[in-house]
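Peer 1: Heads up: the sequence shown begins at 0 in numbering that gives the first Met the number 0, then just goes up one per residue. For glycine and all other residues, C-beta sits at the position ideal for the given N, C-alpha and C. Quick one: the structure is below, and I'll ask about it shortly.
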Amino acid sequence: MEQKNLNQIIRETVARYMRHSLIVAGNWKMNMTVREGMEFLEKLGPVDGKVMIFPPYTTLAVLAGEFRRRGITYGPQNFHYKDSGAYTGEISLPMIRELGCDCLLVGHSERRSYYNETDEEIHKKIQAALSENFSVMLCIGENLDERKSGQWKKVLRKQLLEDLEGLSRDKIPYIQIAYEPIWAIGTGVSASTEEITETHRYLKTVFQELTGSDIPLLYGGSVNEKNAAEIGSCPGVDGFLIGGASLKPDKFRKIIEISKRE
């Protein structure tokens with residue numbers, strides 16, 4: 000398959016950014032009771048754009064209808080690749096489908112670091128989800144030592160190759176990537192626009208080599224209403240995966256408004 004050169008990929012990415020709204024995804028992590036989630040949605044009001052929320056399981060189950068009514072794409076923060084079995088504390092794809100979920104979050108750095116989730120396990124989850132025609136948002140990222148030592152390209156490439164191994168061409172439209180530098184998650188310190196641009200350009204190139212296609216590539220890492228416009232203007236940034244700012248309806252709405260493109 001003939002591969003596009005880097006300049007062509009960048010031109011297409013910039014052109015797409017100018018035409019389409021950015022994706023705004025919120026990861027609520029272990030926050031938001033059902034009551035708090037309902038209050039959040041009421042304060043957020045109507046949304047217009049590509050908005051996604053990944054709430055905790057309890058809120059997801061009760062408020063699925065409310066997310067759907069508002070046009071918000073929603074899904075779980077984690078799931079098991081088996082349909083059923085003796086896996087205490089896990090949730091399966093049939094359970095998720097029953098809630099009408101559209102997109103599944105997988106591979107978040109907190110799952111990788113706190114619960115020792117491996118690329119092998121992440122690959123199994125992605126393959127299971129895609130086989131059931133779910134969309135997947137895969138999170139990848141490097142830690143501070145890997146960034147400072149110049150190993151970040153090697154780390155990110157390894158994650159992409161192992162997590163998406165065997166990805167068939169017909170499943171490419173079901174994949175989105177969220178680049179989250181681990182050293183910027185929850186720290187209040189975002190990567191510089193130069194670092195973001197360089198990394199997104201690199202990841203676009205790797206995915207092009209892997210599949211011959213482009214991919215929606217989101218940035219996550221202390222994104223807020225103050226820096227969203229600047230980060231969103233970086234070539235290769237197709238949206239945001241937001242943590243803390245997604246818990247505040249006024250801040251989240253501001254980011255949604257910033258992300259709209261005609």
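Less than 8 Å between CB atoms is the rule here; does His79 satisfy it with respect to chain E?
Peer 2: Annotation note: the requested chain E is absent from the structure, which comprises a single protein chain.
Peer 1: Unbroken alpha helix (DSSP H) runs of length 4 or more, entirely within the stretch 140 to 198: which are they?
Peer 2: Positions of the alpha helix (DSSP H) runs, each at least 4 residues long and wholly inside the stretch 140 to 198, are given as 143 to 147, 151 to 162 in order along the chain.
Peer 1: Considering only the alpha carbon of each residue, which of Gly84, Gly44, Gly25, Asp82 lies closest to Leu59?
Peer 2: Gly25
Peer 1: Would Tyr218 and Val205 qualify as a contact pair, given that the criterion is a beta-carbon distance under 8 Å?
Peer 2: no
Peer 1: In or out: Leu159 buried (at least 16 other Cβ within 10 Å) or exposed?
Peer 2: buried
Peer 1: Which partner residues of Asn26 appear in the DSSP bridge assignment?
Peer 2: Phe53
Peer 1: By Cβ distance, which residues of its chain are closer than 6 Å to Ser212, with the 5 residues on each side in sequence left out?
Peer 2: Ile171
Peer 1: Sort out for me which residues DSSP pairs Phe239 with in a bridge.
Peer 2: Val23, Tyr218
Peer 1: So if DSSP puts Cys100 in a beta bridge, which residue, or which two residues, is it bridged to?
Peer 2: DSSP output for Cys100 lists no bridge partner at all.
Peer 1: Helix, strand or coil for Ile8 per DSSP?
Peer 2: For Ile8, the predicted structure reports a pLDDT of 46, less than 50, and the residue's modelled location is therefore unreliable. A value from the coordinates is still provided. Looking at Ile8 - three-state DSSP - the assignment turns out to be helix.
Peer 1: Determine contact between the stretch 144 to 155 and the stretch 88 to 97, defined as no fewer than three beta-carbon pairs at a distance below 8 Å.
Peer 2: no
Peer 1: With distance defined between alpha-carbon atoms, name the residue in Ala63, Glu197, Ile121, Thr57 nearest to Glu164.
Peer 2: Ile121
Peer 1: Could you tell me which residues DSSP pairs with Cys233 in its beta bridges?
Peer 2: Cys233 pairs with nothing; no bridge assigned.
Peer 1: How many Å lie between Glu193 and Lys153 at the Cα?
Peer 2: 19 Å
Peer 1: State the start and end residues of the unbroken alpha helix (DSSP H) segment that holds Lys124.
Peer 2: 118 to 130
Peer 1: Are the beta-carbon atoms of Lys250 and Asn223 separated by less than 8 Å?
Peer 2: It is a contact, given that the beta carbons lie within the stated cut-off.
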